[in-house]
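One structure below.
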Amino acid sequence: MSEGIYLDNNATTMVAPEVVDTMLPFLTEQFGNPSSIHQFGNKVGHALKQARKQVQNLLGAEYESEIIFTSCGTESDSTAILSAIKSQPQRKEIITTVVEHPAILSVCEQLKKEGYTIHYLRVDKKGRLDMNKYERLLSDNVALVSVMWANNETGTLFPVTEMAEMANSAGVLFHTDAVQVIGKLPINLKETCIDMLSLSGHKLHAPKGVGALYLRRGVRFRPLLRGGHQERGRRAGTENSASIVALGKACEMAAESLAYEKTTVKALRDKLEHGILSQVSHCFVTGDPSNRLPHTTNIAFEYIEGEAILFLLNKLGIAASSGSACTSGSLEPSHVMKAMDIPFTAAHGSIRFSLSRYNTPEEIDKVIEAVPPIVAQLRKLSPYWSGTSPVEKEQAFAPSYA
Amino acid sequence: MWDYSEKVKEHFYNPHNAGAVEDANAVGEVGSLSCGDALLLTLKVEPETNTIIAAGFQTFGCTSAIASSSALTDIIKGMSLDQALTVSNQDIADYLDGLPPEKMHCSVMGREALQAAIANYRGEKWQNDHEEGALICKCFAVDAVMIEQTIRDNNLRTVEDVSNYTKAGGGCSSCHEGIEEILTKVLAEQGESFNPEAVAGEKPKPKPKLTNLQRIKLIEKLLEDIRPNLQRDRGDVELIEVNGKYIYLKMTGACAGCQMAATTLGGIQQHLVEGLGEFVRVLLPIEELQRRAAMRA
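These protein sequence lines map, in sequence, to chains E and B.
Okay, so the first sequence: first residue is 1 according to this note's numbering, each after it adds one.
Okay, so the second sequence: first residue is 1001 according to this note's numbering, each after it adds one.
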């Protein structure tokens, strides 16, 4: 592993060395086109079949033909949404949430301009949905419900299996963007009512540029890319065979380490969180701590700004990410923090630490040691802070806002 | 990914003048809710000379916001109030060896805090006229509010118009969809619809049209306005041909072969566009381009 402490695994993960070893032959001697009939293609074809099986096993899908390989999570998301509306042209509504990934929100925004009605489910201060509100929105006009399984910023889990059942009873298709969940929590799709699910390779130690869409057998489907017969005509284009083989291997390894994620990685995450919260005043965990991914913690440090924190962490070789406006390059704070109504002096100072099974207890100790002085250094510069506490209410800093 | 100069990092790691100045007699507080920056600037001004003898900052913000605050306080110490008011955002950015475009707003905050502090000292009320929207053009750091206002004020109709007036979209061009959306919105408010086929600068409201002769005379007159500037640098410009929106100029004297000719031409084009009230493109005649290419070879 390269130098430094990598706690930004919700952004992307290190490609597992075993995964690299598995994929390399498909960049060299195994170059054949899996569609070809000769020996060069045939071997690759068999490797893809095995990869499909490996993904199927991790997802608990009933049939291997329910797995469609794509180029990334975003492609899977777009395919799912656009297929749902094209295959049900009379239905003009979509239900989603305000905290989805841009891969969902941007597509919905575009569909809104094209005349669709988008219902955005709001969240409470802990990032939870109102299920009664959801139930009332389900109707024959809804083409698709798309709800993420776990939030990428806070790790908060949505009750997607229940929501899928409710959609199913109402005769509505259900899709979930599960890129953050796959390989972290055990799932068994054949026992759920989920119709479509997106996953991304690089979130579970496979390389970037490969993903998959789970499509329940029998669900009406319209491809995003038409062309050759690849993926049974549901996703045309010559297969990215090396990366698909890598995704298969990564899924196999993820299935084997699910227990480790739930115990050891979770314990490291909890240690990190307690270590920071017990030393630093005026900070808190965002989202729903009692119901979240085992490897993610998002801590809001009040009265300081996230980019500055990350910059100082980076100087020490520690990698994390932030919901602050300045890290996005868009001048907008995180829509997830805004949706949870986190005060802006805290939202801009929110830092996400996302671990993986490759992190060690020593690394976590170093981070626990590094964070308090960084927070103190920046609070010393903050107009909201004085000495060891926030500025008193009466003399509170109240700038004139633009 | 961070693209900060060494100077920015230096000022961030070891900021100058951090903390409030004791017995300050000028205080400026500004902030922008959307981008999460806030700055409290305290100054000590010597009343006899109106000179800033001490400056301190407290900043809630990112790396470049903190570095910009540090730079600002360095720059203004020892200045008279009037001098300090001439400090521009660009001065602050230059002092830091430049800021990434999306971080230029951090230097804006510094200047506003300074204006607010000086207003506070003089017993005036400071009006914050700076409004910030979502960043549309990342090449030139132009936000949605700025684009919207410029479209309204100048009756703009095309993406090319917007680029000419605000620079937005004049770089990599990937924000053209975003600009079209703003145009669609603003034009809809005026009961019109955005037409992607429209030609830049074409305005539907009737305008007295110049005859060719009048137009050429006006171009000559506009060039006369600029000529003294060029002559000061021992250069000059000559009108060669006018063909619709294309205006061919010949650069003479020191301007011929000057490395900065493109910038100069850009300035001349801007002046002609404003003076003529229509979009024109200023070009060098082919011979001129060939001669330049030969010189470079």
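Think of the CB as a built atom: it goes at the ideal place given N, C-alpha and C, for glycine as much as any other residue.
DSSP bridge partner residues for residue i (one or two, in chain order)
i, result
"I67 of chain E", "E:Y214"
"E1029 of chain B", "B:L1040"
"R352 of chain E", "E:N298, E:S321"
"S386 of chain E", "E:S389"
"M1260 of chain B", "Answer by DSSP bridge pairing: none, since M1260 of chain B is not bridged."
"M1251 of chain B", "B:V1237"
"A254 of chain E", "DSSP lists no partner for A254 of chain E."
"K1004 of chain B", "Here the sequence assigns Tyr to residue 1004 of chain B, which means Lys is not the residue at that position. Y1004 of chain B is not bridged to any residue."
"I1216 of chain B", "DSSP, once it has assigned bridges, lists no residue as partnering I1216 of chain B."
Straight-line gap, residue i to residue j (C-alpha atoms, nearest Å)
i, j, result
"G387 of chain E", "E1010 of chain B", "24 angstroms"
"R122 of chain E", "G115 of chain E", "21 angstroms"
"N1298 of chain B", "S324 of chain E", "No answer is possible for residue 1298 of chain B: it lies beyond the span of chain B, which begins at 1001 and ends at 1297."
"P1100 of chain B", "L247 of chain E", "37 angstroms"
"G1257 of chain B", "G1235 of chain B", "10 angstroms"
"Q1231 of chain B", "L1239 of chain B", "15 angstroms"
"E64 of chain E", "M1109 of chain B", "57 angstroms"
"P1206 of chain B", "K1221 of chain B", "Low per-residue confidence applies at P1206 of chain B: pLDDT is 48, beneath 50, and the placement is therefore not dependable enough to give any value."
"E302 of chain E", "P333 of chain E", "15 angstroms"
"G1056 of chain B", "E75 of chain E", "50 angstroms"
"V181 of chain E", "A150 of chain E", "6 angstroms"
"I95 of chain E", "H175 of chain E", "10 angstroms"
"A339 of chain E", "H348 of chain E", "13 angstroms"
"C1175 of chain B", "S200 of chain E", "27 angstroms"
"A1030 of chain B", "V1008 of chain B", "For the sequence presented, residue 1030 of chain B should be read as Val rather than Ala. Cα to Cα, the separation comes out at about 21 angstroms."
"L197 of chain E", "L215 of chain E", "7 angstroms"
"G306 of chain E", "V375 of chain E", "10 angstroms"
"P1204 of chain B", "Q1190 of chain B", "The predicted model places P1204 of chain B with a pLDDT of 49, which falls under 50 and marks its position as unreliable, so this point remains unresolved."
"T192 of chain E", "R232 of chain E", "24 angstroms"
"T1252 of chain B", "N1243 of chain B", "21 angstroms"
"A47 of chain E", "G41 of chain E", "10 angstroms"
"Q1090 of chain B", "I1076 of chain B", "14 angstroms"
"K271 of chain E", "K366 of chain E", "12 angstroms"
"Q1269 of chain B", "D1074 of chain B", "38 angstroms"
"G1171 of chain B", "N1195 of chain B", "22 angstroms"
"Q110 of chain E", "A1071 of chain B", "43 angstroms"
Buried or exposed by the 16-neighbour rule on C-beta atoms within 10 Å, applied to residue i
i, result
"Q54 of chain E", "buried"
"I37 of chain E", "exposed"
"H205 of chain E", "buried"
"F448 of chain E", "The structure shown does not extend to residue 448 of chain E, since chain E is modelled only from 1 to 402, so the question has no answer here."
"V160 of chain E", "buried"
"M1295 of chain B", "exposed"
"N359 of chain E", "buried"
"S278 of chain E", "exposed"
"G1078 of chain B", "exposed"
"Q1058 of chain B", "buried"
"T1049 of chain B", "exposed"
"K1103 of chain B", "buried"
"N1017 of chain B", "buried"
"A1293 of chain B", "exposed"
"P186 of chain E", "exposed"
Within 8 angstroms, strictly: CB atoms of residue i and residue j
i, j, result
"T1158 of chain B", "V1142 of chain B", "no"
"T171 of chain E", "D130 of chain E", "Residue identity differs from the one stated: residue 171 of chain E is Gly in this sequence, not Thr. Contact: no."
"N1155 of chain B", "F1279 of chain B", "no"
"M23 of chain E", "V179 of chain E", "no"
"D21 of chain E", "H101 of chain E", "no"
"A346 of chain E", "A300 of chain E", "yes"
"L173 of chain E", "A61 of chain E", "no"
"R357 of chain E", "S257 of chain E", "yes"
"L7 of chain E", "A250 of chain E", "no"
"T154 of chain E", "T12 of chain E", "no"
"G183 of chain E", "A254 of chain E", "yes"
"D1037 of chain B", "C1139 of chain B", "no"
"T296 of chain E", "R352 of chain E", "yes"
"R52 of chain E", "T156 of chain E", "no"
"N152 of chain E", "N10 of chain E", "yes"
Residue i beta carbon near the ligand COA (any heavy atom closer than 7 angstroms)
i, result
"Y116 of chain E", "Of ligands this structure carries none, so the ligand COA is not represented either."
Next on the checklist: I'd like the ranges of any alpha helix (DSSP H) spanning at least 4 consecutive residues and lying wholly in the stretch 265-326 of chain E.
Outcome noted: 266-279, 306-315
Checklist entry - Which ranges would you report for the alpha helix (DSSP H) in the stretch 181-239 of chain E if only whole runs of at least 4 residues count? => result none
Checklist entry - At what residue ranges does the stretch 1093-1129 of chain B contain a whole run of the alpha helix (DSSP H), taking only runs of 4 or more? => result 1104-1121
Item to check | beta strand (DSSP E) runs contained entirely in the stretch 96-166 of chain E, provided each spans 3 or more residues | outcome: 117-121, 142-146
Checklist entry - Where are the alpha helix (DSSP H) runs, 4 residues long or more, that stay fully inside the stretch 21-56 of chain E, in chain order? => result none
Checklist entry - What are the uninterrupted segments assigned as alpha helix (DSSP H) that are 4 or more residues long and contained completely in the stretch 1062-1087 of chain B, given in chain order? => result 1063-1076, 1081-1085
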